[in-house]
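Accompanying notes for the structure given below.
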Amino acid sequence: MALHALASAFMGWLYGVLIAGAVQDWPALAETLLILAYAIAHWAVYQYLVMPALHR
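All the letters of the sequence shown, read from the start, carry residue numbers 1121 to 1176 under our numbering.
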């Protein structure tokens, strides 16, 4: 669980650094959908790639 918490914190920081500044002028709905897509991609990558690799 600690690794998952650290990974989530890192991905949140990454979003803030790389994406949030670029979408400040986007409509709220588009920005919300981008955040949702990012969250789903983050979950899928960590669920099916990173965590199984760390569990071995």
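Built from N, CA and C at the ideal position, the CB exists for glycine as well.
- About 6 Å separates the beta carbons of residue 1154 and residue 1143, which is inside the 8 Å limit, making them a contact pair.
- Under the criterion of beta carbons closer than 8 Å, residue 1123 and residue 1174 qualify as touching, at roughly 6 Å.
- If you draw a straight line from the Cα of residue 1130 to the Cα of residue 1166, it is about 12 Å long.
- Annotated three-state conformation of residue 1163 is helix, per DSSP.
- Taking residue 1139 as the centre and dropping the five residues before and after it, the same chain places the C-beta of 1154 and 1158 closer than 8 Å to its C-beta, in chain order.
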